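Worksheet: the structure to be examined is printed underneath.
Protein chains: 2
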Amino acid sequence: MSQVTVTPQSMHFATPLKLQSGASLSDYTLVYETYGTLNADKSNAVLVCHALNASHHVAGNYADDQKNVGWWDNMVGPGKSVDTDKFFVMGVNNLGSCFGSTGPMHIDATTGNPYGANFPVVTVEDWVQAQARLADALGITQFAAVMGGSLGGMQALAWSLLYPMRLRHCVVIASTPKLSAQNIAFNDVARQAILTDPDFHGGDFYAHGVVPKNGLRVARMIGHITYLSDDDMAEKFGRDLRSGSYQFGFGVDFEIESYLRYQGDKFSQYFDANTYLLITKALDYFDPAAECGGDLTVALAKTRAEFLVISFMTDWRFSPERSRDIVKALVNNRRRVSYAEIDAPHGHDAFLLEDARYQNVVREYYNRIWKAINATGKPDAHGNLPNHSTPPGSAEAIPDSAGENV
Amino acid sequence: MSQVTVTPQSMHFATPLKLQSGASLSDYTLVYETYGTLNADKSNAVLVCHALNASHHVAGNYADDQKNVGWWDNMVGPGKSVDTDKFFVMGVNNLGSCFGSTGPMHIDATTGNPYGANFPVVTVEDWVQAQARLADALGITQFAAVMGGSLGGMQALAWSLLYPMRLRHCVVIASTPKLSAQNIAFNDVARQAILTDPDFHGGDFYAHGVVPKNGLRVARMIGHITYLSDDDMAEKFGRDLRSGSYQFGFGVDFEIESYLRYQGDKFSQYFDANTYLLITKALDYFDPAAECGGDLTVALAKTRAEFLVISFMTDWRFSPERSRDIVKALVNNRRRVSYAEIDAPHGHDAFLLEDARYQNVVREYYNRIWKAINATGKPDAHGNLPNHSTPPGSAEAIPDSAGENV
Chain A
0 MSQVTVTPQS MHFATPLKLQ SGASLSDYTL VYETYGTLNA DKSNAVLVCH ALNASHHVAG
60 NYADDQKNVG WWDNMVGPGK SVDTDKFFVM GVNNLGSCFG STGPMHIDAT TGNPYGANFP
120 VVTVEDWVQA QARLADALGI TQFAAVMGGS LGGMQALAWS LLYPMRLRHC VVIASTPKLS
180 AQNIAFNDVA RQAILTDPDF HGGDFYAHGV VPKNGLRVAR MIGHITYLSD DDMAEKFGRD
240 LRSGSYQFGF GVDFEIESYL RYQGDKFSQY FDANTYLLIT KALDYFDPAA ECGGDLTVAL
300 AKTRAEFLVI SFMTDWRFSP ERSRDIVKAL VNNRRRVSYA EIDAPHGHDA FLLEDARYQN
360 VVREYYNRIW KAINATGKPD AHGNLPNHST PPGSAEAIPD SAGENV
Chain H
0 MSQVTVTPQS MHFATPLKLQ SGASLSDYTL VYETYGTLNA DKSNAVLVCH ALNASHHVAG
60 NYADDQKNVG WWDNMVGPGK SVDTDKFFVM GVNNLGSCFG STGPMHIDAT TGNPYGANFP
120 VVTVEDWVQA QARLADALGI TQFAAVMGGS LGGMQALAWS LLYPMRLRHC VVIASTPKLS
180 AQNIAFNDVA RQAILTDPDF HGGDFYAHGV VPKNGLRVAR MIGHITYLSD DDMAEKFGRD
240 LRSGSYQFGF GVDFEIESYL RYQGDKFSQY FDANTYLLIT KALDYFDPAA ECGGDLTVAL
300 AKTRAEFLVI SFMTDWRFSP ERSRDIVKAL VNNRRRVSYA EIDAPHGHDA FLLEDARYQN
360 VVREYYNRIW KAINATGKPD AHGNLPNHST PPGSAEAIPD SAGENV
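Chains A and H supply the protein sequences, listed in that same order.
Per numbering that gives the first Met the number 0, the very first residue in the first sequence carries number 0; after that it's consecutive.
Per numbering that gives the first Met the number 0, the very first residue in the second sequence carries number 0; after that it's consecutive.
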């Protein structure tokens with residue numbers, strides 16, 4: 000399948016953005032990319048939300064950097080599951096990130112120095128507000144779908160709650176309605192590794208010309224373990240030794256050590272430490288049911304979209320049980336939900352990887368969205384597709400799924 | 000039940016100990032404690048092996064420090080499961096540890112400086128060799144049982160392979176015949192946190208008057224997450240907030256953060272960084288099946304002891320499946336094995352905690368050992384107890400176990 004060449008765009012917003020914390024950003028820039036063509040009635044727009052270390056660069060490559068392929072290029076593109084010959088797809092770099100949108104490494108106009116530790120803590124809901132402003136500016140009043148995996152799935156879910164009428168479909172993959180204590184624990188250890196690195200300088204390392212590489216490296220290694228399944232790690236690395244025998248020292252003995260250290264080193268060379276802190280906090284804070292006494296069914300009563308929820312059986316970071324919680328709460332609200340539990344070996348990372356069954360589930364779902372767009376031109380005022388036959392309040396089996404369905 | 004007051008003892012060994020790595024320790028001291036009385040024919044001795052951060056102080060307290068209670072005091076003592084009114088129980092601090100036995104913080108006679116980074120890498124098998132010399136010195140030719148949890152269970156298993164005739168029973172709790180890639184990965188991240196802490200000074204931090212506290216703290220936090228079950232963490236901490244609302248900063252938001260940071264802080268104040276590195280390496284290297292082409296059945300053919308194997312259902316660090324691998328390999332060799340899988344919620348830590356079913360399993364097993372000692376005075380040359388009715392080559396159900404049995 001062909002790969003598109005894409006050019007990042009940016010938009011500056013001069014109106015202050017009030018954040019969930021009470022702080023506000025006086026002005027900010029969002030960097031984004033688009034793939035495909037927006038149709039005349041603007042009914043074919045799809046917003047793809049990114050996870051922890053990804054960006055607006057969802058698909059395609061750059062004319063001057065052809066090896067720099069988007070993080071979800073196996074999913075989004077001409078003829079792919081999210082077919083950019085049909086849909087107008089957008090990727091937006093989140094506020095606080097380190098790939099172009101305003102973040103801690105940029106100059107705070109009020110001080111003339113990089114924000115550093117002064118960059119405000121941003122939440123999933125803040126990101127959605129910023130994305131909504133960009134949609135406004137592009138004249139997109141309603142997305143055909145908002146979609147994301149992991150932290151991106153949280154943003155999709157937040158869209159369905161903050162702007163129920165602005166998306167017809169919500170695609171939530173390998174995600175969760177909230178982090179568990181164990182998830183938060185892993186995030187906090189990663190943060191502590193960064194915060195206690197002497198090169199972090201309280202977040203103002205830019206001024207010191209250093210980067211808290213050791214802390215970032217350990218943070219990434221911890222994260223990486225949670226992205227892979229135990230079985231997948233056993234299969235790929237097992238107890239394989241780098242040089243055939245024990246070294247009886249603290250260099251590399253096992254292949255898994257070499258792999259993880261490499262991943263940590265690579266990450267620490269391109270990722271911003273303040274961004275890492277901010278994004279893990281956004282993960283920790285996300286909990287839409289909290290304001291409803293912890294009742295997810297009550298929280299999701301606000302939704303109007305139709306949902307596709309996908310989980311992966313070996314994902315122990317955000318296990319299928321968490322996705323089933325979302326599905327159950329939606330079914331309790333008589334929302335239309337399709338749910339697929341994919342039998343893939345790759346743990347949490349599976350949402351980024353090639354898998355025919357997974358990709359077919361997404362393809363079929365988007366085919367259905369596309370047919371509805373063309374059959375009726377527009378959905379009704381509730382975002383429901385008149386030609387869809389699933390009764391509301393039921394979770395529907397996905398034909399290509401190898402997994403079970405709620 | 001009464002608590003004994005105990006006094007640590009020490010023994011110096013002037014004969015060099017050849018290590019698995021090829022290096023040797025020219026001389027060394029072992030610190031140990033004993034509880035109960037060795038009987039006339041020395042048939043009631045039990046060796047308890049310790050895990051990562053524990054020591055020779057298995058049970059009881061000290062006259063001058065009554066709050067310093069041994070790490071397995073709920074298991075070992077007068078009238079307890081391992082009844083010191085009947086058995087003579089020994090705890091030995093392992094070489095390389097930081098609780099008295101020769102370790103990296105002690106002076107290397109050849110240089111006049113602390114060993115630091117020069118302390119040789121020690122293995123589970125090396126510890127067994129050192130323990131065997133201590134047993135020799137105390138005139139104990141055969142233990143009634145060698146027992147341990149986690150890394151201590153590995154030592155018990157290593158005893159059954161290195162000195163098959165020197166133990167009549169082998170009690171392996173919450174352990175594994177080898178670490179998985181994921182286990183090694185967690186250990187290596189913890190090591191990297193220590194190794195890259197600027198205060199580590201390549202292992203020679205003693206000379207600099209500092210301690211790599213930040214690295215040790217992160218290492219302990221990572222380890223601690225793997226000791227608890229996801230469910231137990233959810234039950235104890237959930238998403239409880241320290242002060243009732245989000246702080247929108249990088250201090251403490253969630254109770255789990257406060258708990259883990261406290262555990263990390265406490266650990267970094269008393270534990271030695273070089274010891275942490277050494278002990279995690281001993282864990283990583285343990286793999287008795289490796290020299291038998293990975294076939295645990297072939298490896299365990301050397302054993303002569305009778306086994307009690309116990310695992311905990313919520314232990315995801317060393318899951319019940321790993322214990323079942325040991326049991327299966329023993330059954331394949333027609334060894335007598337009792338196996339209990341305890342339905343306790345506390346993850347890997349369960350082996351250290353009070354649990355009536357677990358403690359009864361151990362109590363019944365030691366009662367059986369005790370009856371055999373008294374019925375026959377001595378086991379036969381193969382270490383078999385003549386009054387034991389279980390046919391060899393079968394795994395036996397434990398009456399008080401709530402769990403399933405292989």
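Just so you know, even glycine gets a beta-carbon here, dropped at the ideal spot from N, CA and C.
Being a predicted model, the structure only gives us computed values, none of them experimental.
Cα-Cα separation between residue i and residue j, rounded to whole angstroms
{"i": "A380/A", "j": "V170/A", "result": "Because A380/A sits at a pLDDT of 47, beneath the cut-off of 50, its placement in the model cannot be relied upon, and the following sentence gives the value as read from the coordinates. Roughly 20 Å between the two C-alpha positions."}
{"i": "N43/A", "j": "M10/A", "result": "21 Å"}
{"i": "G208/H", "j": "H49/H", "result": "29 Å"}
{"i": "A218/H", "j": "Y275/H", "result": "9 Å"}
{"i": "L150/H", "j": "L178/A", "result": "31 Å"}
{"i": "L137/A", "j": "N60/A", "result": "23 Å"}
{"i": "N273/A", "j": "H168/A", "result": "33 Å"}
{"i": "K333/A", "j": "V47/A", "result": "Before going further, note that residue 333/A is Arg rather than Lys in the sequence given. One C-alpha to the other measures close to 25 Å."}
{"i": "A233/H", "j": "L161/A", "result": "28 Å"}
{"i": "E305/A", "j": "R335/A", "result": "5 Å"}
{"i": "P176/H", "j": "R323/H", "result": "10 Å"}
{"i": "N52/H", "j": "R190/A", "result": "24 Å"}
{"i": "H200/A", "j": "A192/A", "result": "13 Å"}
{"i": "S25/A", "j": "V127/A", "result": "17 Å"}
{"i": "C291/A", "j": "V297/A", "result": "6 Å"}
{"i": "Y364/H", "j": "L307/H", "result": "8 Å"}
{"i": "T289/A", "j": "L295/A", "result": "According to the sequence shown, residue 289/A is Ala rather than Thr. If you take the alpha carbons of A289/A and L295/A, they lie about 8 Å apart."}
{"i": "Y284/A", "j": "W369/H", "result": "56 Å"}
{"i": "A416/H", "j": "G293/A", "result": "Any question about residue 416/H goes unanswered here, given that chain H covers just 0 to 405."}
{"i": "G95/A", "j": "L29/A", "result": "10 Å"}
{"i": "L166/H", "j": "E320/H", "result": "25 Å"}
CB-CB length for residue i against residue j, believed under 8 Å
{"i": "Q2/A", "j": "G76/A", "result": "7 Å"}
{"i": "P115/A", "j": "D203/A", "result": "As written in the sequence, residue 115/A is Gly, which differs from the Pro given in the question. That pair is a contact at about 4 Å."}
{"i": "A328/H", "j": "L299/H", "result": "5 Å"}
{"i": "Q8/H", "j": "E32/H", "result": "7 Å"}
{"i": "Y34/H", "j": "V5/H", "result": "6 Å"}
Simplified DSSP state of residue i, which is helix, strand or coil
{"i": "Y185/H", "result": "In the sequence on display, residue 185/H carries Phe and not Tyr. F185/H falls in the helix class under three-state DSSP."}
{"i": "E124/A", "result": "helix"}
{"i": "G382/A", "result": "Only weak support is given to the placement of G382/A: the predicted model assigns it a pLDDT of 47, under 50, and the question is left unresolved by the model."}
{"i": "E340/A", "result": "strand"}
{"i": "A328/A", "result": "helix"}
{"i": "Y114/A", "result": "coil"}
{"i": "I479/H", "result": "In the structure displayed, chain H extends from 0 to 405; residue 479/H sits before or after that span and is not available."}
{"i": "A144/H", "result": "strand"}
{"i": "E363/H", "result": "helix"}
{"i": "D64/H", "result": "strand"}
{"i": "G263/A", "result": "helix"}
{"i": "S257/A", "result": "helix"}
{"i": "T313/A", "result": "coil"}
{"i": "F249/H", "result": "coil"}
{"i": "A44/H", "result": "strand"}
{"i": "K301/A", "result": "helix"}
{"i": "Y31/H", "result": "strand"}
{"i": "D84/A", "result": "coil"}
{"i": "C291/H", "result": "helix"}
Check: residue i C-beta below 7 Å from any heavy atom of the ligand FMN
{"i": "A184/A", "result": "Questions concerning the ligand FMN fall outside what the structure shown contains, since it holds no ligand whatsoever."}
Should the region 109 to 123 of chain H be called in touch with the region 63 to 73 of chain H, which here means at least 3 C-beta pairs below 8 Å?
no
The region 276 to 292 of chain H / the region 244 to 252 of chain A touching (three or more Cβ pairs under 8 Å):
yes
Short of 9 Å Cβ to Cβ, which residues in the region 282 to 301 of chain A face chain H?
D283, Y284, D286, A289 and G293
Residues in the region 176 to 205 of chain H having any Cβ partner in chain A nearer than 8 Å
K177, L178, S179, A180, Q181, I183, A184, F185, D187, V188, R190, Q191, A192, L194, T195, D196 and P197
Just checking, does the region 184 to 198 of chain H make contact with the region 338 to 357 of chain H on the three C-beta pairs under 8 Å criterion?
no
The region 259 to 274 of chain A: which residues have C-beta closer than 8 Å to a C-beta of chain H, in chain order?
L259, R260 and G263
Taking Cβ-Cβ distances below 7 Å as the criterion, which residues of the region 221 to 238 of chain A are in contact with chain H?
I221, I224, D229, M232, A233, F236, G237 and R238
Given 8 Å, three or more beta-carbon pairs between the region 222 to 238 of chain A and the region 248 to 267 of chain A:
yes
Specify whether the region 183 to 193 of chain A and the region 86 to 104 of chain A touch according to this definition: at least 3 beta carbon pairs, one from each stretch, less than 8 Å apart.
no
Taking only beta carbons into account, state which residues of the region 96 to 127 of chain A come closer than 7 Å to chain H, listed in chain order.
V120
Which residues, in order along the region 140 to 159 of chain A, keep a beta-carbon less than 7 Å from a beta-carbon of chain H?
none
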